[in-house]
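Residue numbers (our numbering): 8 to 239. We treat Cβ as the ideally placed atom computed from N, Cα and C, and that holds for glycine. Structure, as structure tokens:
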Amino acid sequence: MSVALITGASRGLGRATARALSRRGWSLVLDARGADALRETAAGLPEARTTAIPGDVTDPRHRAALLAAVERFGGLDLLVNNASTLGPSPQPQLSRYPLDELERVYRTNVLAPLALIQTLLPTLSEREGTIVNVTSDAAVEAYPGWGGYGSSKAALDHLTAILAVEEPSLRVYAFDPGDMRTEMHQRAFPGEDVSDRPEPEEVVPALLRLVGESPASGRHRTAELLPPVGAR
Ligand SMILES: NC(=O)c1ccc[n+]([C@@H]2O[C@H](COP(=O)([O-])OP(=O)(O)OC[C@H]3O[C@@H](n4cnc5c(N)ncnc54)[C@H](OP(=O)(O)O)[C@@H]3O)[C@@H](O)[C@H]2O)c1
Numbered sequence: 008m009s010v011a012l013i014t015g016a017s018r019g020l021g022r023a024t025a026r027a028l029s030r031r032g033w034s035l036v037l038d039a040r041g042a043d044a045l046r047e048t049a050a051g052l053p054e055a056r057t058t059a060i061p062g063d064v065t066d067p068r069h070r071a072a073l074l075a076a077v078e079r080f081g082g083l084d085l086l087v088n089n090a091s092t093l094g095p096s097p098q099p100q101l102s103r104y105p106l107d108e109l110e111r112v113y114r115t116n117v118l119a120p121l122a123l124i125q126t127l128l129p130t131l132s133e134r135e136g137t138i139v140n141v142t143s144d145a146a147v148e149a150y151p152g153w154g155g156y157g158s159s160k161a162a163l164d165h166l167t168a169i170l171a172v173e174e175p176s177l178r179v180y181a182f183d184p185g186d187m188r189t190e191m192h193q194r195a196f197p198g199e200d201v202s203d204r205p206e207p208e209e210v211v212p213a214l215l216r217l218v219g220e221s222p223a224s225g226r227h228r229t230a231e232l233l234p235p236v237g238a239r
């Protein structure tokens with residue numbers, strides 16, 4: 008039985024990934040802060056193979072509860088660090104970025120994924136498992152206004168690259184999904200029509216390919232893993 012923990016599974020890419028893995032027979036541990044939306048996601052999945060635990064990834068007690076749920080399934084094959092925050096919307100320029108907000112962005116996007124990895128490393132190592140840290144092109148491109156979120160994803164990218172060499176028995180990926188029509192994306196472009204962006208479900212095949220084909224650890228983008236949208 009393959010077991011995955013997906014953070015931020017109540018909507019967007021996390022929910023789409025949970026549904027796709029579940030259809031392929033995976034057992035899932037899922038989280039998000041909003042209990043109602045998380046419950047709704049879980050309600051559509053097989054009860055015996057799904058554990059949904061509402062909570063905040065920045066909370067150590069919540070992370071301990073996630074570990075306990077993983078242990079009830081007997082171990083972990085795949086950790087998808089997907090939960091993330093954009094920070095304030097509209098995004099402030101760095102010259103006036105509120106530092107308490109920046110701290111919150113780093114706690115959620117950098118420290119919490121690393122903390123989960125530290126917590127789950129023994130079981131992941133035992134199963135020669137896979138870590139997918141969901142990153143963004145904002146980690147490598149210098150978009151004005153994206154300094155908070157973008158620098159947090161740059162830090163996540165670098166953690167990923169170093170973990171990959173420190174933990175050679177694992178696959179450790181930074182996965183850049185590309186633009187998706189989600190709540191986060193709408194918050195990044197307030198008031199703009201984002202309906203031309205792909206749905207997260209269109210991106211999931213790229214993530215599944217990564218997990219299924221197990222290429223070398225490193226940074227991977229949907230654009231490289233899937234044929235161009237028109238050709239799919
Ligand atoms: N959408 C894009 O265009 C785009 C582009 C590049 C990269 N990404 C990345 O793709 C991933 C998914 O993004 P998305 O667009 O699907 O985002 P989304 O629609 O905002 O969904 C985010 C999910 O994470 C959960 N979450 C947020 N903060 C959390 C916390 N502290 N603890 C636990 N759960 C938390 C949310 O639920 P609650 O709010 O209820 O907790 C929700 O389930 C993120 O890592 C994002 O940075 C997105």
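field: Runs of alpha helix (DSSP H) wholly within the region 25 to 73 (minimum 4 residues, chain order)
entry: 42 to 50
message: ligand 1 and T115: does the residue's C-beta get closer than 7 Å to at least one heavy atom of that ligand?
response: yes
- prompt: Can we count D38 as close to ligand 1, meaning its CB is less than 7 Å from some heavy atom?
  reply: yes
- prompt: How is L232 classed by DSSP in three states: helix, strand or coil?
  reply: helix
query: Counting pairs of Cβ atoms below 8 Å between the region 209 to 218 and the region 156 to 163, do you hit three or more?
result: no
- request: Indicate whether L73 and I60 have their beta-carbon atoms separated by less than 8 Å.
  value: yes
- prompt: Taking the C-alpha atoms as reference points, what is the distance between V241 and S102?
  reply: Absent from the model: residue 241. The displayed extent of the chain is 8 to 239, so no value can be given.
message: Closer than 7 Å to a non-hydrogen atom of ligand 1 - does that hold for the CB of S17?
response: yes
message: When you compare the CB positions of T167 and Y150, do they come within less than 8 Å of one another, or not?
response: no
- prompt: Leaving out five residues before and five after P120 in sequence, what residues of the same chain have Cβ atoms less than 7 Å from its Cβ?
  reply: Cβ neighbours of P120 beyond the five flanking positions: N88, N140, L163.
query: Can we count S29 as close to ligand 1, meaning its CB is less than 7 Å from some heavy atom?
result: No, Cβ of S29 sits at least 7 Å from all heavy atoms of ligand 1.
query: Is D186 near ligand 1, with its Cβ less than 7 Å from a heavy atom?
result: yes
query: Is the number of C-beta pairs between the region 83 to 99 and the region 128 to 137 that are closer than 8 Å three or more?
result: yes
Beta-carbon separation (whole angstroms), V77 vs T130, contact threshold 8 Å: 6 Å
field: For V139: DSSP bridge partner residues
entry: V139 has V87, Y180 as its beta-bridge partners, per DSSP.
query: Buried or exposed: V172, going by 16 or more other Cβ atoms within 10 Å of its Cβ?
result: exposed
field: From Y113, D183, G94, L170, residue whose alpha carbon lies closest to that of L128
entry: L170
- prompt: Rounded to whole angstroms, how far is the Cβ of L123 from the Cβ of V218, which I believe are closer than 8 Å?
  reply: Not really, about 17 Å apart at Cβ, beyond 8 Å.
task: State whether the region 213 to 232 contacts the region 181 to 198, with contact taken as three or more CB pairs (one from each stretch) at a distance under 8 Å.
output: yes
Proximity below 8 Å, CB of T189 to CB of L20: yes
- prompt: ligand 1 heavy atoms versus the CB of G21: any closer than 7 Å?
  reply: yes
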